[in-house]
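Here is the structure we will look at, set down as structure tokens.
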Amino acid sequence: HASVAVDFYGEVLGRTPGHPNAIAALEGILGDPEQRARVAELLEPAYRTLRNLRKLSDILEVRLETIEDPLRRVAALREKQAAEVQLGRPAKALDALGRAWLEDVSDALTLAELDGLAAAANGWQRLVAILDKGIEATLVPDLRADLYARKAKILEERLTAPDLAVEAWRE
């Protein structure tokens with residue numbers, strides 16, 4: 253029955269993208285594990301149409317549960333990051349961008365963006381944790397060295413943790 257309802261409300265949203273009753277009904281079905289992915293797929297464009305950034309960010313998180321393609325994951329995480337920035341939640345934006353960077357730790361532009369978000373969110377400790385995950389994710393010696401150097405600099409200059417900075421420099 254739930255799949256028939258999802259199909260019906262999907263058709264309604266196809267004709268009227270912001271239909272409030274269809275959206276409310278789908279939100280009620282979102283908890284059904286068998287329908288979750290399909291419902292999220294239908295709600296995502298509706299929230300985008302309504303410019304409901306909070307719900308869009310939440311539904312993107314649900315969509316990420318089933319997106320396997322790294323490029324599509326990065327696109328969803330970047331959209332989530334942009335929504336969080338607009339919502340004035342820089343810490344959540346930093347987390348989303350960090351997850352996007354972890355899809356491809358060789359992406360220097362995204363890594364540079366992380367610094368800016370860390371500054372906006374005063375999220376230096378979070379950035380160190382993201383860098384640690386990136387260090388674990390790569391076997392490329394030069395990249396690992398660069399990431400350790402970046403971590404050491406943050407520990408020294410932003411978190412005033414000279415002992416930890418020295419340890420990171422040694423790595």
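Heads up: the sequence shown begins at 253 in this note's numbering, then just goes up one per residue.
Glycine included, C-beta positions come from ideal geometry on N, C-alpha and C.
(Q) On the CB-based measure, 16 or more other CB atoms within 10 Å of its CB, does A274 come out buried or exposed? (A) buried
Q. Roughly how far, in whole angstroms, is the beta-carbon of A343 from the beta-carbon of G368, given that I think they are within contact range, below 8 Å?
A. Not really, about 14 Å apart at Cβ, beyond 8 Å.
Q. For V392, is the classification buried or exposed, using 16 other Cβ atoms within 10 angstroms of its Cβ as the cut-off for buried?
A. exposed
Q: Put A328 into one of helix, strand or coil per three-state DSSP.
A: helix
(Q) Three or more C-beta pairs under 8 Å: does that hold for the stretch 335-342 against the stretch 378-397? (A) Cβ pair count under 8 Å is below three, so no.
Q. Three-state secondary structure (DSSP) at P285?
A. coil
(Q) For a quick check, are the C-beta atoms of Q296 and R267 less than 8 Å apart? (A) In the sequence on display, residue 296 carries Glu and not Gln. Against a cut-off of 8 Å, the Cβ pair of R267 and E296 comes out as no contact.
Q: Taking all protein chains shown into account, decide if S358 is buried (16 or more other Cβ within 10 angstroms of its Cβ) or exposed.
A: Flag for S358 reads exposed.
Q) Can L312 and A298 be called in contact, C-beta distance under 8 Å? A) no
Q) Using the rule of at least 16 other Cβ atoms within 10 Å of the residue's Cβ for burial, across every protein chain shown, is L323 buried or exposed? A) exposed
Q | Inside the stretch 330-409 only - alpha helix (DSSP H) runs reaching at least 4 residues | A | Runs of the alpha helix (DSSP H) inside the stretch 330-409: 342-355, 360-373, 376-389, 393-409.
**Q.** Rounded straight-line distance, which links the Cα of H271 to that of F260
**A.** Each residue's alpha carbon lies about 12 Å from the other.
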